[in-house]
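S.K.: Before anything else, here's the structure in question.
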Amino acid sequence: MPDSPRYTVADRPPFRLADLLLRWESILVVLLALVFAVNAWATPWFLDIYNLADATYNFSEKAIIALAMALLILTREIDLSVAAIVALAALGVGAAGALGQPTPVLVLTGLGIGLLCGLCNGVLVTRFGVHSIVITIGTMSLYRGIAQVSLGDQALTAFPQPFLDLQQTYFLADPPTPLSFVLFLALAVVFGIVLHLTATGRRLFAIGANPVAARFSGIRVDRIRFLLFTVSGLMAGLAGVLLTARIGVVRPNIALGWELDVVTMVILGGVAISGGIGSIPGVVLAVLVLGFATFGLTLLNVPGIVINVLLGCLLIGSIALPILIRRAMRRRRST
Amino acid sequence: MAPVLSLSHISKGFPGVQALDDVSLTLERGSVTALIGENGAGKSTIVKILTGIYTPDAGTVNVEGRDRRFATPKDAWAAGIAAIHQETVMFDELSVQENIFMGHMPGGRLIDRTAIRDRTKELLARIDADFAPETPLKRLSVAQKHMVEIARALSHEAAVIIMDEPTASLSRHEIGELFSLVDQLRDEGRAILFISHKFDEIFRVSDRWVCLRDGRKVGEGLTAEVTEPELVRLMVGRPIDQVFPKRDVVIGEVVLEVEGLSNATEFADISFELRRGEILGLYGLVGAGRSEAMQCVFGLSQPTRGRIVMEGRPLAPRAPGDAIDAGISYVPEDRQEQGVVLPLGIRANITLASLARHARGWFLSSSSELDATRALGDRLAVKAASWEQPVMELSGGNQQKVVIAKWLATQPRVIILDEPTKGIDIGSKAAVHAFIGELVADGLAVVLISSELPEVMGLADRILVMHEGRIVARFARDAWSAEAIVAAATGAVAADRAA
């Protein structure tokens with residue numbers, strides 16, 4: 135525009151230490167350090183490498199689902215059927231085991247069922263234009279119901295040894311690392327790259343922040359939504375395979391209530407439930423904070439119900455604290 | 170006559186800006202005062218102080234001889250000050266009567282429904298509104314919602330009524346009705362503060378004017394004793410060339426052809442040709458189907474009949490992505506909802522529709538993005554602290570520049586501008602007009618949807634007029650008159666003149 139004066143616009147804002155320290159990820163790093171420090175001080179067994187390795191067994195499966203859930207919540211969606219998909223996938227794996235199938239068939243069965251359930255969610259969400267919270271509450275009952283009807287009060291326990299070895303031996307010997315944790319870290323890198331470094335990732339942020347403007351900008355919002363639900367189903371299927379290999383028994387109530395644990399990881403990871411804000415490093419840190427805090431409390435023989443109370447306080451506290459700090463800083467700046 | 174409301178030496182600062190600096194202002198009974206100024210001059214800050222949303226840092230608010238301090242919006246209501254906003258803030262799911270009496274329902278603990286209905290009826294009759302008290306608000310038009318807000322103000326017996334750009338979303342006919350209502354309120358002895366960007370409205374309704382610039386009062390007086398150029402000079406602090414840029418553009422070959430485009434309800438039988446270097450004006454009243462027809466060309470909806478040919482190839486866009494790939498861009502009317510992604514930075518907004526151009530293998534190249542952002546942002550003179558600044562921190566005019574930059578980044582051959590200057594100040598407006606001239610000089614073809622007659626007549630080479638979903642008149646530049654265009658838009662005549 136010819137008669138407007140020119141302005142120099144900086145490439146990026148000036149660096150401010152306070153901005154960096156108040157980032158959600160920084161707060162989680164501090165929180166994680168605190169968890170380690172307190173636990174190491176409270177019990178001599180916490181820092182034992184084998185204990186830490188075993189701790190990762192307990193959260194890695196949920197954490198794998200949390201990666202996909204983070205992308206969904208970032209785009210204003212949610213998948214509450216993930217735990218039911220885990221159960222249905224585990225059922226498939228158990229049934230294939232009962233038929234005497236080899237390990238690769240078991241793994242593919244679990245992944246395939248997860249993928250199918252995810253596809254089904256994706257079709258329903260994009261076709262009917264109803265919020266995914268409604269659709270996936272429905273499919274949650276549906277998938278879990280199918281598992282319950284087909285299994286009754288039975289349990290499936292016949293698995294080939296190589297399948298059980300996937301999760302009952304360490305994938306890496308030194309340092310001892312379970313397969314599920316290795317997969318979680320590898321997938322975290324993949325999800326992180328996709329979200330933060332690719333065009334697809336940028337589109338996810340745009341959809342989450344303003345789905346209408348995203349559509350007007352030529353982004354195929356429904357196609358991306360469909361893809362995210364499919365990925366979410368696939369991750370739940372993978373978690374189902376890993377969980378079955380770890381515990382070696384499938385009952386219809388397997389993974390009951392996991393969806394809320396997964397959502398907790400994502401929310402503590404700093405992904406805004408209103409969409410458009412979040413990061414994969416944040417979710418990974420939140421997974422570690424929650425996982426090791428739970429493990430430490432278990433080592434201290436704190437009963438499970440009390441652990442729930444403490445984790446609830448941790449979640450609310452860690453969400454409230456930065457908001458209070460920011461408010462205080464703003465007040466000081468404006469006076 | 171003693172003023173019903175006076176603001177004395179009001180100042181209000183925010184981090185980094187002094188929004189109001191020692192502003193004094195009085196409103197008198199039975200008089201309409203126009204508050205004018207560019208975006209960011211401090212008009213909305215005054216409204217927010219008067220309605221109890223902000224408290225001033227210094228100065229006093231005096232209502233009917235008593236100094237007041239509004240801590241909450243309710244205090245302002247109680248003092249007899251009511252505001253009607255440009256985007257109505259009410260409860261869509263509730264009925265007209267519930268909206269009017271929200272916060273001051275008659276009756277004790279239990280709501281007295283009959284009393285509410287009777288009083289609502291009486292209020293609606295006073296302003297000649299023809300809808301029932303039980304009507305859900307969501308079924309009303311914007312103009313009718315304004316009437317509900319006015320009824321709500323009357324229900325408080327408000328002595329002062331603030332109208333903040335009340336005509337922004339109204340059709341010409343509805344604006345006329347609103348103005349007679351303003352006259353009626355004035356005759357009842359109420360004081361009205363009228364905020365508008367449009368000079369014809371200011372001259373039509375106001376008795377007095379007060380002009381703000383950069384948070385200071387730069388003038389006031391009687392509307393009868395001032396001229397438009399004088400007001401413009403006061404607002405911007407420099408004379409602005411209101412004449413539209415003279416262009417010498419050779420109009421080239423046909424780029425876009427639309428033939429018989431129709432959908433079920435909103436538009437029918439839309440046909441036109443668009444040539445390189447041409448600006449095609451699309452004029453009509455709000456609701457004539459202009460945006461809907463163009464959104465269909467852009468792939469946001471599917472036509473039931475008709476065809477589109479872009480650069481000689483048939484185009485049936487199933488989604489905006491198809492139209493973008495074919496070289497068509499659409500700058501939407503609703504900047505905040507459809508145009509920008511507010512929390513994202515300027516860079517992410519500008520590259521959003523052309524991300525594939527910045528991919529290097531699997532990854533986005535932020536340096537390539539930054540180069541494109543700098544080039545377009547500087548060309549459009551975007552004012553910002555950094556290219557990473559979230560768009561929500563920018564002014565309306567700068568947000569609009571970011572949206573236009575986003576579309577230029579897709580390197581379109583056809584660009585559809587839907588009310589590109591709606592709600593932006595005249596400084597930015599002139600810049601957008603000049604820029605449209607630059608675009609066609611570069612060989613683009615422009616479809617300009619506008620409800621502002623001077624703007625379409627000043628810029629367009631040809632004008633199509635739509636009425637109730639159909640093109641009812643076509644005018645060439647040398648064969649049009651304002652009267653003929655308006656007559657066609659209101660459905661008075663159907664004309665077809667040499668175009």
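Residue numbers (the working numbering), protein chains in the order written: chain A, 135 to 469; chain B, 170 to 668.
For each residue, glycine too, the CB sits at the ideal point set by N, CA and C.
Computed from a predicted model, the values in this text were never measured in an experiment.
For a cutoff of 8 angstroms on Cβ pairs, would you count R150/A as touching chain B?
M.R.: Within the first sequence, numbered from 1, the residue matching residue 150/A stands at position 16. No, its Cβ sits nowhere closer than 8 angstroms to a Cβ of chain B.
S.K.: Which residues in chain B have a C-beta closer than 7 angstroms to the C-beta of D145/A? List them in chain order.
M.R.: Numbered from its first residue, the first sequence carries residue 145/A at position 11. Under the 7 angstroms cutoff, chain B gives L539, S555, W556.
S.K.: Rounded to the nearest angstrom, what separates V400/A and V423/A at their Cα positions?
M.R.: As a working mapping, residue 400/A is identified with position 266 in the first sequence. As a working mapping, residue 423/A is identified with position 289 in the first sequence. Those two C-alpha atoms are separated by around 12 angstroms.
S.K.: Please report how far the alpha carbon of R354/A lies from the alpha carbon of N255/A, in whole angstroms.
M.R.: To locate residue 354/A, count along the first sequence from 1; it is residue 220. To locate residue 255/A, count along the first sequence from 1; it is residue 121. Cα to Cα, R354/A sits roughly 18 angstroms from N255/A.
S.K.: Is the Cβ of Q580/B closer than 8 angstroms to any Cβ of chain A?
M.R.: Working through the second sequence from its first residue, we reach residue 580/B at position 411. Taking Cβ atoms only, chain A never reaches closer than 8 angstroms to Q580/B, which makes this a no.
S.K.: Please report the residue range of the alpha helix (DSSP H) in which N231/B lies.
M.R.: On the second sequence, residue 231/B is found 62 positions in, with the first residue counted as 1. Counting along the chain, N231/B falls outside any alpha helix (DSSP H), though it belongs to the beta strand (DSSP E) covering 227-232.
S.K.: So, helix, strand or coil for D137/A, using DSSP?
M.R.: Along the first sequence, one-based indexing puts residue 137/A at 3. With a pLDDT of only 40 at D137/A, under 50, the local geometry of the prediction cannot be trusted, and the value read off the model is given with reservation. The answer is coil: DSSP assigns D137/A none of H, G, I, E or B.
S.K.: Would you call the CB atoms of Y478/A and P294/A closer than 8 angstroms?
M.R.: Residue numbering for chain A in the displayed model covers 135 to 469; residue 478/A lies beyond these limits and cannot be assessed.
S.K.: Using the beta-carbon of each residue, which ones in chain A are nearer than 7 angstroms to F441/B?
M.R.: If you number the second sequence from 1, residue 441/B lands on position 272. Neighbours of F441/B on chain A: none; closest Cβ ~22 angstroms, over 7 angstroms.
S.K.: Below 8 angstroms on C-beta distance, what does K575/B contact in chain A?
M.R.: Your numbering for residue 575/B matches position 406 in the second sequence. Within chain A, the residues near K575/B are S351.
S.K.: What did DSSP end up calling A427/A once you bin it into helix, strand or coil?
M.R.: Numbered from its first residue, the first sequence carries residue 427/A at position 293. In this structure, A427/A counts as helix in the three-state DSSP scheme.
S.K.: When the Cα of A492/B is compared with those of N442/A, A379/A, F350/A, which residue comes out closest?
M.R.: The count along the second sequence starts at 1 and reaches residue 492/B at position 323. A492/B has its Cα closest to that of F350/A, out of N442/A, A379/A, F350/A.
S.K.: With 16 other CB atoms within 10 Å as the buried threshold, where does G612/B fall?
M.R.: One-based indexing of the second sequence puts residue 612/B at position 443. Under this definition G612/B is an exposed residue.
S.K.: Using DSSP bridges, identify the partner residues of A528/B.
M.R.: Counting from 1 along the second sequence, the entry for residue 528/B is found at position 359. Answer is L533/B, bridged to A528/B.
S.K.: Tell me which residue opens and which closes the alpha helix (DSSP H) that D281/B is part of.
M.R.: Along the second sequence, read from residue 1 onward, the residue named residue 281/B stands at position 112. Element bounds for D281/B: n/a, residue is neither H nor E.
S.K.: If we define contact as Cβ-Cβ less than 8 angstroms, is E670/B a contact residue for chain A?
M.R.: Lying before the first or after the last residue shown, residue 670/B is absent from chain B, which here runs from 170 to 668.
S.K.: DSSP has T311/A in a bridge; who is on the other side?
M.R.: Within the first sequence, numbered from 1, the residue matching residue 311/A stands at position 177. Answer is L306/A, bridged to T311/A.
S.K.: Name the chain B residues that come within less than 8 angstroms of A340/A, Cβ to Cβ?
M.R.: The residue labelled residue 340/A in the question sits at position 206 within the first sequence. Going along chain B in sequence order, the residues near A340/A (Cβ under 8 angstroms) are V510, L513, A517, L521.
S.K.: Looking only at its own chain, which residues have a Cβ that is under 6 angstroms from the Cβ of S177/B, when we skip the five neighbours before and after it?
M.R.: Here residue 177/B refers to the residue found at position 8 of the second sequence. Answer for S177/B: S193, G228, T229, listed in chain order.
S.K.: Could one say the Cβ of A322/A lies closer than 8 angstroms to chain B's Cβ atoms, at least one of them?
M.R.: Position 188 of the first sequence, counted from the first residue, corresponds to residue 322/A. Not an interface residue.
S.K.: Give me the subset of the region 411-434 of chain A whose CB atoms are less than 8 angstroms from a CB atom of chain B, sorted by chain position.
M.R.: I411
S.K.: Looking at the structure shown, is E223/B part of a helix, part of a strand, or coil, going by DSSP?
M.R.: In the second sequence, residue 223/B corresponds to position 54, counting from 1. Reading the sequence as shown, one finds Tyr at residue 223/B and not Glu. Note: Y223/B maps to coil in three-state DSSP.
S.K.: Kindly list, in the order they appear in chain A, the residues whose Cβ is closer than 7 angstroms to that of G546/B.
M.R.: Working through the second sequence from its first residue, we reach residue 546/B at position 377. The answer, in chain order, is V143.
S.K.: F180/A bridges to which residues according to DSSP?
M.R.: Here residue 180/A is taken as the residue at index 46 of the first sequence, counted from 1. In DSSP, F180/A forms no bridge with anything.
S.K.: Measure the C-alpha to C-alpha separation of M316/B and I296/B and round it to an integer number of angstroms.
M.R.: Start at 1 with the first residue of the second sequence, and residue 316/B comes out as number 147. Start at 1 with the first residue of the second sequence, and residue 296/B comes out as number 127. About 8 angstroms.
S.K.: According to DSSP, is R261/A part of a helix, a strand, or is it coil?
M.R.: Taking the first sequence and counting its residues from 1, one reaches residue 261/A at position 127. R261/A: helix per DSSP, three-state reduction.
S.K.: Do the region 264-274 of chain A and the region 206-221 of chain A make contact, defined as three or more Cβ pairs closer than 8 angstroms?
M.R.: yes
S.K.: Kindly indicate if chain A contains any beta-carbon less than 8 angstroms away from that of P489/B.
M.R.: The residue given as residue 489/B occupies position 320 in the second sequence. Yes, because at least one Cβ of chain A sits closer than 8 angstroms to the Cβ of P489/B.
S.K.: With DSSP collapsed to three states, give me the class of G182/B.
M.R.: Indexing the second sequence from 1 puts residue 182/B at position 13. Three-state result, G182/B: strand.
S.K.: If you draw a straight line from the C-alpha of F426/A to the C-alpha of E303/B, how long is it?
M.R.: Position 292 of the first sequence, counted from the start, is the residue given in the question as residue 426/A. Position 134 of the second sequence, counted from the start, is the residue given in the question as residue 303/B. Approximately 58 angstroms, taken between the alpha carbons.
S.K.: Helix, strand or coil for H273/B, going by three-state DSSP, please let me know.
M.R.: The count along the second sequence starts at 1 and reaches residue 273/B at position 104. It is coil, neither helix nor strand.
S.K.: Apply the 10 Å Cβ neighbour rule to R474/B and answer buried if 16 or more other Cβ atoms are within range, or exposed otherwise.
M.R.: Counted from its first residue, the second sequence places residue 474/B at position 305. Exposed, because fewer than 16 other Cβ atoms sit within 10 Å of the Cβ of R474/B.
S.K.: Shortest alpha-carbon distance to Y452/B belongs to which of E502/B, R646/B, M635/B, V641/B?
M.R.: By one-based count along the second sequence, residue 452/B stands at place 283. Checking every option, the nearest Cα to that of Y452/B belongs to M635/B.
S.K.: Near E442/B, which residues of its chain fall below 6 angstroms by C-beta distance, leaving aside the five closest residues on each side in sequence?
M.R.: Walking along the second sequence from the start, residue 442/B turns up at place 273. Counting only Cβ-Cβ distances below 6 angstroms, and skipping sequence neighbours, we find V423, E426.
S.K.: Chain A beta carbons: is any one of them nearer than 8 angstroms to that of P472/B?
M.R.: Working through the second sequence from its first residue, we reach residue 472/B at position 303. Not one chain A Cβ lies under 8 angstroms of P472/B.
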